[in-house]
Structures are given as C-alpha cells and as structure tokens.
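**Student:** This structure is in structure tokens; I'll ask about it shortly.
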Amino acid sequence: MLALALPALLVILLLIVLPVGWLAWQSVYHDGFTLENYRRIWSEDIYWRSFALTFQISLLVTLLALLLGYPIAYAASVAPKRWGIVILALVVLPFWTSVLVRAYAWLALLQRTGVINQVLRQLGVIDEPLALVHNTFGTVVATLHILLPFMVLPLYATMQQIPRDLMQAGASLGAGPMLAFWRIFLPLSLPGVLAGSTLVFVLTLGFYITPELLGGGRTIMISMLVSRNVELYDQWGAASAVGVVLLVAVGLIFFAVSRFIPLDRVLGQK
Amino acid sequence: MTMSRPYRIALIVICALVLLYLILPILIIAPMSFSAARFLTFPPPSLSLRWYQEYVGNPAWMQATRVTLTVAVLTVIIATPLGVAAAYAISQSKWRIMRLIHMTLLLPLVVPIIITAVGIFFVFAKVGLVATMTGLVLANVMLGLPYVVISVAAGLQSFDATQEMVARSLGMNRLRSFFVVTLPQIKASVIAGGIFAFISAMDETIVALFISGGQYQPLTKRMFTALRDEIDPTIAAISTLMTAVSFILVLIATSRSKKGA
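Residue numbers (my numbering), protein chains in the order written: chain A, -3 to 266; chain B, 503 to 763.
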C-alpha cells in the first residue's frame, strides 16, 4: 500500500518539503550559522510595520467575512431547499473565477475612472473621484471578496447539522426566536465559525496577488516583503527569514485550532 | 423555522446585498470585454469584439495561452493517477503512518503560496529547471495533487471495499479488481479531482511568477505583469474566456459527481 502512495509523496517531498526546508536553512546559513536575517526583521521598522499591517488586515478581513458570511450561511440553511441551493451556487460561483480575474474586475470597479466612481459622479453624489483603490481599502475589498466563500462553506456545513428540533424545543419552552437563536443556534454553530475564521485568517496572512495589484505599493503585506526581497533587492536570506516567520505563524495557528476541531475539518472545506 | 417578518425581511435584504457583492465582478467583466472603448467607461458606449481580436491577434498572448493549456493538460495527466493511487492507499491501509502521509499530501494547501514559490525557485535554480516547461508542469502537479487526493478520498469513503475483496476471492488479482470493480464506481470523483487540478493549474499565478520565463510564460503571469502597468481591456476578454472555461469545467465536475459516487 505504501508503494501506491509513494509517487505522490515523492512529488510533495521534492517540490514542497525540500524547497521549504531549503528556505529555512538559507535563512540561518550564510558562510556559517547566523541569525542576522532574523535580527534584521526584529530591528528594522519596515518589517514590523508590514507584519503589524498584515495582522490587522487579516483580522479585519476575518471579522468582515464572519459578519457578511454568517447571515448568508444562515439563510442558506433555513431557506426552502431550492433557495438554499441558489444561495450556495451564488457563493461558490466566484470561487471558481480566477483570483487574477477578480483582482482585475475590482481594479475596473474601484479605480478613479472606474465604474463606481463614474456612477456616483453621474448621480451627482460626489464631485471628485474617491480613492477606492491602490490603498488598504481596495486590498481589503478584493481580499474579502476572494475569501468570503471560505467562511460561508464551513459555516453552512456546521449549521446544516444543527437539529431543527432543538429550536422547536426551545420555542416550546418559551424562548422567542431571538432567544432561541442566541442560546441554541449560535453556540452550536461555533465550530463552523472557528473553522471558517481560521481558514480566512490564515489565507489572508499569506495573500499576495490582491495587495500587490490593489494596494498600490503602499499596502505592503508579508508576502510582498518576501517577493520584494527576492526580486528587487536580491536578499535571499531576508526573504527566507520572513517566509519562515510567516510559516511558523500559520503553523502555530493551525496547531492551536487543531486542539478544538480536527484539522481535516478545517481543510476539507477548501 | 419560525422567524418573525421584520427579521426575515432584514435577512433577505442583507443576503441580497452580500450576494451582489460576491457576483458583481463577474457581472461587469463580461460586458467590459465587449466594449468598443479604449478606456473603461460604464456602461460601454458601443459593443465590439475588438479586445477579443486584440487577444487572438497577439502572438505573445497566443503563446501564453498555449503554455497554459499544455501545462494544465499535462498536470491533469500526471497528477490524477498519482493522486488516485495515493488516495486508494490511504483509504485501504490502517497503518498509522498513512495518516501522516495524508496530511503531508495536503501541505500545498496549507503552506502560504509565496513561500512555496520562493522555495521552488531556489531548488529549480540549482537543478536548471527555471524557465522550463518541465519545471512549470512539476510545480503544478504538486499544487494540484491535494485536489485529486481530497476528491478521490471522499469518493472512496462511500465505496464499500468488501466488493473488491469479493472480486479477489473470485480470482481477480488486486490490480484488475481495482480497475474492474472500484474505479468505475469512483469515476465521478476521479474526474472531479482531475478537473480541479486542471483549474488549479490554469489559474496558478504566483509560482509561475517566480519560476517561469522566456517562451514558457503562462497566461496568468503575462496578465499579472500587464495589470501592474495598466488596465488593458484585452485582459477583460481573456478573463471572460478563462471564467467561461472554469465554469463549464465545474459544471461538468459537479453534474458528474451527482450522478456517480
């Protein structure tokens, strides 16, 4: 049986485990062992600011995704079956559109001469175009758009399994719909909240395309630190060290979450 | 479920707005791609196929399209059997190490893609695989494997393994019993896994940014570099075509899996 799994395992070992291991090695080895790269991350302002910004954006995107995703998942799980399918189909639809295509669409929508600014100007709401893109706002709008389905799907999967009888039981004991929701439905949906939030948070931490295209060079997230150190400054050691810190952060989050819910449940949604 | 009227209306309104946000980009891409205007104006002043002609008439875009399609097809051809074999091994074996192997096979989904990209670049630079077709395909096989494994493992979960034992007790060897008994029943999830690997290879951008070059640059890499400079409407045409291809493939994958396992 092991032999059957071996070819796939070999591909993964050679093309992701080895490269990432090499990267980790490179971050501490340069003509001998050195922690210089990590010291730089620790002491240089640009790294700090970028890490802080990335965590802020990840937190914001996760919260917004939860805020927008929860009602959608809830509606899909309580609506008549046909409507539930329509809602889910609309959620999954953008899922299968290339991330690059969606970044392009958001550029077209949000830029100074973009669709939204034009419509608002024609309606006379604004005189000057709003700066909706090439900043953190544009990055958040597009990132949230790409990651929202990763929130809705685990939420929906969890809500689906909540027995409806429980709500009726609550109602028969005198709970109004709001109380029954708060005391019964919401707590039972928390595993889905945790799974979705983990996915969205971790994925935002490593996001590259949308901050690069919609951030306008001002919203520098961790991934961009990695690529800039490689492409612009030829600083492989520094790029590796940033990569390792990001990887460790992601690993720790997954490890912490796995103590509450099995990891395959988090990843299975992807 | 009991929900009073104002709550229900509020929920419907919120959902409609969020769903609009989700599908808005797809709604505007297609009309923009048929616009005759050089710059973005909305609504488009008049319709034309100008940007599609621009795309088809441009040798660089055409070459990139060929690279993308070749990479995606080769990725499916290589990743699907590897993934099926691994998923089968994982589902059949009770060995504890198989769980570890399973997790390892899902690593490409967990490791932030930028780290994967830079790491692969290091290794490929050492062995001379940067800017080659082989390198591009290998990287995409690795990235596509988890989709095949997840899809096929799910298919095997609802498959009754004793059927294969029966076939073997009747004298078939292990290989033959797999192809005659098991494979036809998990066909749908195998096809779905392959399609997801294809879409993943077609959409992959970040690894390609680092390891592709010269004549072997996929569409996404050229689109990305073009988007950094200016918003060229040709990209709207390409985006519309890419979206259409993905959607058709997903429709095939999901309609298949409903019929089968």
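For each residue, glycine too, the CB sits at the ideal point set by N, CA and C.
This one's a predicted model, so the numbers in the text were calculated from it and none came from an experiment.
Whose C-alpha, out of Met704/B, Ser671/B, Ser691/B and Ile514/B, is nearest the C-alpha of Ser757/B?
**Tutor:** Among Met704/B, Ser671/B, Ser691/B and Ile514/B, the Cα nearest to that of Ser757/B belongs to Ser691/B.
**Student:** Could you tell me which residues DSSP puts in a beta bridge with Ser537/B?
**Tutor:** In DSSP, Ser537/B forms a bridge with Leu549/B.
**Student:** Around the C-beta of His26/A, are 16 or more other C-beta atoms found within 10 angstroms, so that it is buried, or is it exposed?
**Tutor:** Exposed is the call here.
**Student:** Please list the partners that Asp705/B has in chain A, where partner means a Cβ-to-Cβ separation under 8 Å.
**Tutor:** Near Asp705/B (Cβ distances below 8 Å), the residues of chain A are Ser94, Val95 and Leu96.
**Student:** Would you please verify whether the beta carbon of Met(-3)/A is less than 7 Å from any beta carbon of chain B?
**Tutor:** Yes, Met(-3)/A lies at the interface with chain B (some Cβ there is under 7 Å from its Cβ).
**Student:** With 9 Å as the C-beta to C-beta threshold (strictly closer), list the residues of the segment 594 to 607 of chain B near chain A in chain order.
**Tutor:** Hits within the stretch, in order: Gln594, Ser595, Trp597, Ile599, Met600, Ile603, His604, Met605, Thr606 and Leu607.
**Student:** Give every residue of the same chain whose Cβ lies closer than 7 Å to the Cβ of Gly637/B, excluding the five residues on either side of it in the sequence, and list them in chain order.
**Tutor:** Same-chain partners within the cutoff: Phe626, Leu631 and Ile713.
**Student:** Would you call Met667/B buried or exposed, if buried means 16 or more other Cβ atoms sit within 10 Å of its Cβ?
**Tutor:** Result: exposed.
**Student:** When the Cα atoms are used, what is the spatial distance from Ala71/A to Thr664/B?
**Tutor:** For Ala71/A and Thr664/B, the distance between alpha carbons rounds to 41 Å.
**Student:** Kindly indicate which residue of Ala234/A, Ile257/A, Asp260/A and Gly239/A has the alpha-carbon position closest to the one of Arg35/A.
**Tutor:** The shortest Cα separation from Arg35/A among Ala234/A, Ile257/A, Asp260/A and Gly239/A belongs to Ala234/A.
**Student:** Which residues in chain A sit within 9 Å of Ala696/B, going by Cβ to Cβ distance?
**Tutor:** In the sequence on display, residue 696/B carries Gly and not Ala. None at all; the shortest Cβ gap to chain A is about 14 Å.
**Student:** Thinking Leu19/A and Val613/B are a contact (beta carbons under 8 Å), I'd like their distance in whole angstroms, please.
**Tutor:** So it is not a contact: roughly 10 Å between Cβ atoms.
**Student:** With 7 Å as the threshold, decide whether the Cβ of Ile12/A is near any Cβ in chain B.
**Tutor:** Yes, Ile12/A lies at the interface with chain B (some Cβ there is under 7 Å from its Cβ).
**Student:** Within the same chain, show all residues whose beta-carbon is closer than 8 Å to that of Pro547/B, passing over the 5 residues directly before and after it, in chain order.
**Tutor:** Answer for Pro547/B: Ser537, Ala538 and Ala539, listed in chain order.
**Student:** Any idea which residues DSSP pairs Tyr718/B with across the strands?
**Tutor:** In the DSSP output, where bridge partners are listed per residue, Tyr718/B has Gly715/B.
**Student:** Taking Trp18/A as the query, report the chain C residues whose CB atoms sit under 7 Å from its CB, ordered along the chain.
**Tutor:** Absent from the structure is chain C; the protein chains it does hold are A and B.
**Student:** In the DSSP assignment, the alpha helix (DSSP H) including Glu666/B goes from what residue to what residue?
**Tutor:** Where Glu666/B is concerned, the enclosing alpha helix (DSSP H) stretches over Thr664 to Ser671.
**Student:** So the candidates are Val651/B, Ala703/B, Thr727/B and Ile616/B; which of them puts its Cα closest to the Cα of Val747/B?
**Tutor:** Checking every option, the nearest Cα to that of Val747/B belongs to Ala703/B.
**Student:** Are there three or more Cβ pairs, one per stretch, closer than 8 Å when the segment 693 to 709 of chain B is compared with the segment 647 to 655 of chain B?
**Tutor:** In short, these stretches touch, since the Cβ pair count reaches three.
**Student:** Could you tell me how far apart the beta carbons of Met217/A and Ser46/A are, in whole angstroms, since I believe they sit closer than 8 Å?
**Tutor:** Between Ser46/A and Met217/A the Cβ distance is about 7 Å, and since that is below 8 Å, they are a contact.
**Student:** Return the Cβ separation of Leu658/B and Tyr590/B in integer angstroms, given the expectation that the two are a contact with Cβ distance under 8 Å.
**Tutor:** The pair is a contact, with the Cβ atoms about 7 Å apart (cut-off 8 Å).
**Student:** Quick one: which unbroken beta strand (DSSP E) runs of 3-plus residues sit fully inside the segment 671 to 711 of chain B? Chain order, please.
**Tutor:** Within the segment 671 to 711 of chain B, no complete beta strand (DSSP E) run reaches 3 residues.
**Student:** I need the straight-line Cα distance from Pro150/A to Leu611/B, nearest angstrom please.
**Tutor:** Spanning the two alpha carbons is a distance of roughly 16 Å.
**Student:** Short of 6 Å in beta carbon distance, which residues of its chain neighbour Val643/B, apart from the five on each side in sequence? Order them along the chain.
**Tutor:** Answer for Val643/B: Thr577, Ile580 and Ala581, listed in chain order.
**Student:** Residues of the segment 202 to 225 of chain A with a CB closer than 7 Å to any CB of chain B: list them in chain order, please.
**Tutor:** Per Cβ criterion, the list reads Gly202, Tyr204, Ile205, Leu209, Ser219, Val222 and Ser223.
**Student:** Leaving out five residues on either side along the sequence, give the residues of the same chain with a beta carbon under 6 Å from the beta carbon of Ile697/B.
**Tutor:** Same-chain partners within the cutoff: Leu751 and Ala755.
**Student:** Could you check if Ala165/A is buried or exposed, using at least 16 other CB atoms within 10 Å of its CB as the buried criterion?
**Tutor:** The residue is exposed, with fewer than 16 neighbouring Cβ atoms inside 10 Å.
**Student:** Taking a cut of 8 Å between CB atoms, which residues from the segment 511 to 545 of chain B lie near chain A?
**Tutor:** So the list reads Leu513, Ile514, Ile516, Cys517, Val520, Leu521, Tyr523, Leu524, Ile525, Leu526, Pro527, Ile528, Ile530, Ile531, Met534, Phe541, Leu542, Thr543 and Phe544, given in the order they occur along the chain.
**Student:** Check whether chain A comes within 7 Å of Ser660/B, counting only Cβ atoms and requiring the distance to be less than that.
**Tutor:** By this cut-off, Ser660/B is not an interface position.
**Student:** Quick test of your reading: Val57/A and Thr154/A, contact by CB under 8 Å. State the CB separation rounded to the nearest angstrom.
**Tutor:** In fact, because the Cβ distance is near 20 Å, the residues do not count as touching under 8 Å.
**Student:** Bridge partners for Tyr25/A per DSSP, in chain order?
**Tutor:** DSSP output for Tyr25/A lists Phe29/A as bridge partner(s).
**Student:** Please classify Ala710/B as buried or exposed, where buried requires at least 16 other C-beta atoms within 10 Å of its C-beta.
**Tutor:** Buried, by the Cβ-count rule.
**Student:** Give the straight-line distance between the Cα atoms of Leu11/A and Ile622/B, rounded to the nearest whole angstrom.
**Tutor:** Looking at the two C-alpha atoms, the distance is approximately 6 Å.
**Student:** Below 8 Å on the Cβ atoms is my contact criterion, and I expect Leu0/A with Ala588/B to pass it. Report the Cβ-Cβ distance as a whole number of Å.
**Tutor:** 7 Å between Cβ atoms; contact.
**Student:** In the segment 70 to 83 of chain A, which residues sit with their C-beta less than 8 Å from some C-beta in chain B, listed in chain order?
**Tutor:** Those would be Tyr70, Ala71, Val74 and Ile83, in chain order.
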